[in-house]
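Everything in the sequence shown is counted per the numbering used here, starting at 1 for the first residue and increasing by one.
Structure first, commentary second.
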Amino acid sequence: MTEEVLRWGSTDTATLRSPVVLVALRGWFDAAGASTAALAHVLSNRSPTLLADIDPDPFYDFTQLRPEVRMDGDVQVIDWPRNAFDAVRFQHTEHDIVALNGSEPHLRWRTYVDAVLDVVREIDAAAVVTLGSMPDAVPHTRRPPVVGSTPDVRLARRLGLSVPSYQGITGVVGAMQEALEREGVPAISLRVGVPHYLGNTLHPLSSAALLSHVEHVLGVPLHSSALDAEIAEWREAHDAAVGADPNTFAYVQMLEADFDRRTEAAIPTADDLGAEFERYLQEGRRPGDDDEEDS
């Protein structure tokens, strides 16, 4: 079935160097668009090449996620929801990146996940890192911490990540993580908080926090001056909105005091994380590792 929904581009997958797949999907796990915005900055000004894309037709209720019409010269063009795998090559680094920046499907999650796995197999991906953002009680004036998890017990121990223990409703990213673990592909989920009192307005500082960890873990330069400009612009707007309401201003001050008392990083420093990740990939995952460590 996946061969019917997965359309390959002309990029030569054999030339990718130890590629890592980054995934961010609009929807339940993308509060304020922070995770998809982070991945968009990875692609911006880097001349990505199309590796493959997923046909949207079987996966979406177009009354919920409507396509858009635009004019291309004198011709109307329909833009359908896009789920494309874009390859970005970096010089003097260990890894290239394949980015899936799309939308969480409404239907046929298993088929969608199988299509992602087909790409992961075809490029022999070193790992998959999913990016997400959720509303949290964090102040907009501080860079929010990034928390991470992986179902791989050995990788969790090496990187100081948590092993998922959540029970309840999940998104397609949860289904993807479970499938990757069965496939034996190292999979990491990175999540950042977005100030809940801002509603669904943009918070580029959360995107920057995600990118900072990805940048150090993978050893690839992802910093963007355009993101710095967005952070400054939105900080000014948020400060003005909060300052106009005494109750909200007092609440943010309380969040700041609480934030400053807590440990700033919920996972190891980005530099330590990157070094351990490379050692893990170089050692490889050997059968029985988890059993040996649990004994």
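Cβ atoms here follow ideal geometry from the backbone N, Cα and C, with glycine treated the same way.
By Cβ distance, which residues of its chain are closer than 8 Å to residue i, with the 5 residues on each side in sequence left out?
i: Tyr-60; result: Pro-81, Ser-103, Pro-105, His-106, Leu-107
i: Trp-28; result: Glu-104, Gly-171
i: Leu-190; result: Val-129, Thr-130, Leu-131, Gly-132, Val-146, Val-147, Gly-148, Leu-210, His-213, Val-214
Spell out the partners DSSP gives residue i in its beta bridges.
i: Gln-91; result: None; Gln-91 has no bridge partner.
i: Glu-68; result: Asp-79
i: Trp-8; result: Ala-52
i: Arg-191; result: Gly-132, Val-147
Select from the options the residue whose C-alpha is nearest the C-alpha of residue i.
i: Ala-232; options: His-203, Val-242, Thr-130, Phe-259; result: His-203
i: Leu-296; options: Phe-29, Leu-6, Trp-8, Ala-38; result: Coverage of the chain is limited to positions 1 through 295, which leaves residue 296 absent and any answer about it impossible.
i: Val-185; options: Val-21, Gly-9, Trp-8, Thr-11; result: Val-21
i: Thr-2; options: Leu-159, Val-242, Glu-122, Asn-247; result: Glu-122
i: Ile-78; options: Asp-239, Pro-67, Glu-256; result: Pro-67
i: Leu-198; options: Ala-240, Gly-168, Ala-179, Ala-187; result: Ala-240
i: Glu-181; options: Val-88, His-238, Asp-55, Arg-154; result: Arg-154
i: Val-192; options: Leu-25, Glu-4, Ser-35, Thr-13; result: Ser-35
i: Val-88; options: Thr-15, Pro-139, Leu-159, Ile-188; result: Thr-15
i: Asp-124; options: Thr-13, Phe-249, Ala-187, Ala-179; result: Thr-13
For residue i, which residues in the same chain have their Cβ closer than 6 Å to its Cβ, ignoring the five residues on either side in sequence?
i: Arg-17; result: Asp-96
i: Arg-143; result: Leu-205, Ala-209
Using C-beta distances below 7 Å, list every residue in its chain close to residue i, excluding the 5 sequence neighbours before and after it, in chain order.
i: Glu-94; result: Ser-18, Gly-219, Glu-278
i: Ala-52; result: Leu-6, Arg-7, Trp-8, Gly-9, Phe-85, Val-119
i: Ala-265; result: A caution first: Ala-265 carries a pLDDT of 48, below 50, which makes its placement in the model too unreliable to give a value.
i: Trp-234; result: Leu-202, His-203, Pro-204
Would you please state the rounded distance, in angstroms, between the beta carbons of residue i and residue j? I believe it to be under 8 Å.
i: Val-23; j: Thr-141; result: With 8 Å as the limit, Val-23 and Thr-141 do not qualify as a contact, their Cβ atoms being about 29 Å apart.
i: Pro-135; j: Val-98; result: With a Cβ gap of about 29 Å, Pro-135 and Val-98 do not count as contacting.
i: Ala-40; j: Asn-83; result: The pair is not a contact, with the Cβ atoms about 14 Å apart (cut-off 8 Å).
i: Thr-11; j: Leu-65; result: Not a contact, Cβ separation roughly 27 Å.
i: Ala-156; j: Ser-165; result: Not a contact, Cβ separation roughly 11 Å.
At least 3 beta-carbon pairs within less than 8 Å: the region 169 to 187 vs the region 108 to 118: yes
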